[in-house]
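Same order as they appear, the protein sequences are chains D and S.
For reference, each letter of the first sequence is one residue, going 2 to 381 in my numbering.
For reference, each letter of the second sequence is one residue, going 25 to 305 in my numbering.
Built from N, CA and C at the ideal position, the CB exists for glycine as well.
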Amino acid sequence: MTDFNDTTDHEAKADLIEIAAYKYKEGLLTRRGFLSAMAALGVLPALGSKAMAQAKEIIVVNWGGRASEVLQEVLCDTYTAETGIPVIVDGSGPSGGKIRAMVESGAVVWDLCDSGMGTALILTEQGIIQPIDYSIVDKDKVLPAAVYEYAVGNYVYSYVLAANPKMLGGNVPQTWEDVWNTKDFPGMRTFRKSVRGMLESATMAQGVPMAEVYDALGTDDGIKAAIDKFRQLRENIIVWGSGSSSQNLFLQEEVAIGNIWSTRAHLLKDQMDEGSFTASFDGGVLAPGVWVVPKGNPAGTEEVMKFIAHGQDPKLQVQWLEMIGSGPVNPQAAELVPAELQKWNPSSPENLATQIFYNDEWYAKNQVAAEEMYIDALIN
Amino acid sequence: MPRLADKYRYWFLVLPALVIMIVFYIWPLLGIWQISLTEPKAGIENYTRMFDSSAVTTSFILTFRIAILTTIGCLILGYIVAYVISNFARRAKPLMIALVLLPFWVSVLIRSFSWIVLLGRSGIVNDSLIGAGLIDSPLRLMHNEFGVVLAMIHVMLPFAVLPLMANMRGISGAYVDAARGLGASEFTAFRKVYFPQTMPGVMSGALLVFVLSLGFYITPALLGGGRVLMISEYITYQIQEFLNWGLGSALSVALLVATAIVILIAARFVNLRSALLERGS
Chain D
2 MTDFNDTTDH EAKADLIEIA AYKYKEGLLT RRGFLSAMAA LGVLPALGSK
52 AMAQAKEIIV VNWGGRASEV LQEVLCDTYT AETGIPVIVD GSGPSGGKIR
102 AMVESGAVVW DLCDSGMGTA LILTEQGIIQ PIDYSIVDKD KVLPAAVYEY
152 AVGNYVYSYV LAANPKMLGG NVPQTWEDVW NTKDFPGMRT FRKSVRGMLE
202 SATMAQGVPM AEVYDALGTD DGIKAAIDKF RQLRENIIVW GSGSSSQNLF
252 LQEEVAIGNI WSTRAHLLKD QMDEGSFTAS FDGGVLAPGV WVVPKGNPAG
302 TEEVMKFIAH GQDPKLQVQW LEMIGSGPVN PQAAELVPAE LQKWNPSSPE
352 NLATQIFYND EWYAKNQVAA EEMYIDALIN
Chain S
25 MPRLADKYRY WFLVLPALVI MIVFYIWPLL GIWQISLTEP KAGIENYTRM
75 FDSSAVTTSF ILTFRIAILT TIGCLILGYI VAYVISNFAR RAKPLMIALV
125 LLPFWVSVLI RSFSWIVLLG RSGIVNDSLI GAGLIDSPLR LMHNEFGVVL
175 AMIHVMLPFA VLPLMANMRG ISGAYVDAAR GLGASEFTAF RKVYFPQTMP
225 GVMSGALLVF VLSLGFYITP ALLGGGRVLM ISEYITYQIQ EFLNWGLGSA
275 LSVALLVATA IVILIAARFV NLRSALLERG S
């Protein structure tokens, strides 16, 4: 309950900052007007941190909930212990829109944001974020597919096939083809309210081999075919908008099958009764979370890069996995993972072999058009 | 001269509200209009894209359908409640009014979540029905239009009851008594004498509920299961997920225009001034 209140409060505040920052950007508020609006909202001390740069604290922003606590405990507090520099986690959700509004308003409060590649690509294009300094951050400690000029992998997660065997009479779908087979596997399914990680599964459900998924999706016909799969299945679909909602759908037994994040599957395996939850990385889509640094961040570039490098420690990354199921992005971490967690580690060598890597170039090119077709298939 | 000063004095009274409206509502609104015509590039591309998209069309139709169903539901239930409170409740009246107002004290979010608890697959309603042996497998009560409309009627109900009550309070019982005295049956007296007098209340309640429903977000987002995508959710989706401010803004302008058209059409049939401004008098 306190968790809930806490989140709402952050949200509300960040939202107000966002609105004011946006007005400022549009020239609807003068800088002075903007600062006094911030003062009225009681957020000026935070914004003033640029003026008080000597304070040298790092504000790391992620998406709230348990992940914020874990981030604070595993990465931030250990960094503070080592360097004496305070690192504070803000769980208010660094959406691309918020980062952009903040940078364009010139009132940057955040130093480091937990983002995704899709957002990072857009922000790179718009000139909102800084390049990663690979003389400080070690390229070798990141899966090669998660190294980018303006963003660097911080953990990985997968889109996995989750199911509740109890609701299916013990019959567990093994492949995406099974997921589309409503005769043998009756019940509701959940897919994300976005094509991310979803079109891939619909393509595999047509019998396309894993390695050729993005080739198939590279053509208009391929996209259409995948979208049509959702049109066929839609009477059996409830979509999840947030990770927690996918988790709830399983907990409340609203759905029997789903394509959800491995991080949520990791939580569900402990929360659901014995024998009522399984998840398979076979045919999964592995995606990296990435760090991005807003331009003009208050703590300065170097300070933040050092913090990112600190987070590359494989031991710390294994702790993340243990606590919330985020897979280590550092390949050296796999061998440190305890045996019972190996099968839940998205980046274990075994699981890497059965998954494809999220192709953000495909998304940059096709996502917007595909999303529209996806919504159309679900509602029209 | 003193008259003029009086006139200005009224303006001073409304000035703070006016300034707040202009700075925090009209101005940003114009900003939204501007974005819809300038992002990602100048022109009406956002609008042509919007009209070409069948998803947007479906979403608009769905939004209006849900708003209409919600309005009808609220009017029927709200009329009965307001009628009972105004004409029959005596000692219980304050309690009943409090019960109508009570939902305002609880966040819409919480009320929507409680519907999830009620309507879920293993929710209270389904569990009781199965327990009573009435059904074998759970009914689908939410994650569809039914659930959304049901919960929205619940959320919007006070907005129908309050204007109706205000209107009914101003209706003298003498008219119905007179009709009854002249030999009209109870039903005829209600239909021909009482009901026409409540039309302003019905209209203002209907408009209020309908317009609020058009832009409603939380309840459909929580109970719709993603397949009941009302236009406000679609806007959020464009802006938050895709940073597509242009199309998102164009959609919100379209919603505003559509709402304005509804009010204009309504104005042809009802006297808005009496429906909205002079209720209860």
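- Annotated as distal: P315 of chain D and L322 of chain D, with beta-carbon spacing of 8 Å or more.
- Residues of the stretch 291-303 of chain D with a C-beta atom less than 8 Å from some C-beta of chain S do not occur.
- Apart from the 5 residues on each side of it in sequence, A213 of chain S sits with its Cβ closer than 8 Å to the Cβ of V200, A203 and R204 in its chain, given in chain order.
- The beta carbon of G249 of chain S falls within 8 Å of a beta carbon belonging to chain D, placing the residue at that interface.
- When 8 Å is used as the limit between beta carbons, R101 of chain D is near these residues of chain S: L267, in chain order.
- Taking P187 of chain S as the centre and dropping the five residues before and after it, the same chain places the C-beta of G225, S228, G229, L232 and R303 closer than 8 Å to its C-beta, in chain order.
- With respect to chain S, the C-beta atom of S195 of chain D has a partner C-beta closer than 8 Å.
- Contact annotation, Q248 of chain D with L268 of chain D: C-beta distance approximately 6 Å; criterion of less than 8 Å satisfied.
- Annotation for L181 of chain S: the continuous alpha helix (DSSP H) segment containing it runs E169 to R193.
- Under the three-state reduction of DSSP, R114 of chain S is assigned to coil, being neither helix nor strand.
- Annotation: Cβ neighbours of G98 of chain D in chain S (cutoff 7 Å, chain order): I263, Q264 and L267.
- Contact with chain S is absent for D141 of chain D, since none of that chain's Cβ atoms lies less than 8 Å from the residue's Cβ.
- According to the DSSP assignment, G248 of chain S belongs to no alpha helix (DSSP H), since it is labelled neither H nor E.
- In chain order, D185 and F186 place their CB closer than 8 Å to the CB of D179 of chain D, counting only its own chain and leaving out the 5 sequence neighbours on each side.
- Contacts with chain D at 8 Å (Cβ-Cβ) include L253 of chain S.
- Annotated as distal: V157 of chain D and A164 of chain D, with beta-carbon spacing of 8 Å or more.
- By the neighbour-count definition (other C-beta atoms within 10 Å, threshold 16), N111 of chain S is an exposed residue.
- Taking every protein chain shown into account, the CB of G119 of chain D has 16 or more other CB atoms within 10 angstroms, so this residue is buried.
- For N260 of chain D, the pairing in a beta bridge is given by DSSP as D:L162.
- With a threshold of 16 other beta carbon atoms within 10 Å, Y34 of chain S falls short and is exposed.
- Close to chain D, meaning a Cβ-Cβ distance shorter than 7 Å, are the following residues of the stretch 125-150 of chain S: G144, R145 and S146.
- With a cut-off of 8 Å on Cβ pairs, the stretch 66-75 of chain D is not in contact with the stretch 96-103 of chain D, counting fewer than three such pairs.
- For M254 of chain S, the closest alpha carbon among the candidates S:R193, S:Y218 and S:F88 is that of S:F88.
- Taking 8 Å as the cut-off, the Cβ atoms of K296 of chain D and V104 of chain D count as close.
- Not a single CB atom of chain D sits nearer than 8 Å to the CB of A202 of chain S.
- Shown here, R89 of chain S sits in a helix according to DSSP, grouped into three states.
- Nearest in C-alpha terms to I195 of chain S, of all of S:P220, S:L181 and S:H178, is S:P220.
- For A106 of chain S, the CB contacts under 6 Å within the same chain, skipping 5 residues up- and downstream, are V185, L188, M189 and M192 in chain order.
- In the DSSP assignment, I287 of chain S falls within the alpha helix (DSSP H) that extends over W269 to F293.
- Two segments are said to touch when three or more pairs of C-beta atoms, one from each, lie closer than 8 Å; by this definition the stretch 60-73 of chain S does not touch the stretch 157-167 of chain S.
- T243 of chain S sits away from V130 of chain S, with the two beta carbons spaced by 8 Å or more.
- Here the stretch 190-210 of chain D makes contact with the stretch 254-266 of chain D; the two share three or more CB pairs at distances below 8 Å.
- Counting along the chain, W321 of chain D sits inside the alpha helix (DSSP H) bounded by residues P315 to I325.
- H178 of chain S does not reach chain D, its nearest Cβ partner there being about 20 Å away, counting only Cβ pairs nearer than 7 Å.
- Among the CB atoms of chain S, one or more fall inside 8 Å of the CB of V369 of chain D.
- In the structure shown, R164 of chain S falls within a coil segment according to DSSP collapsed to helix, strand and coil.
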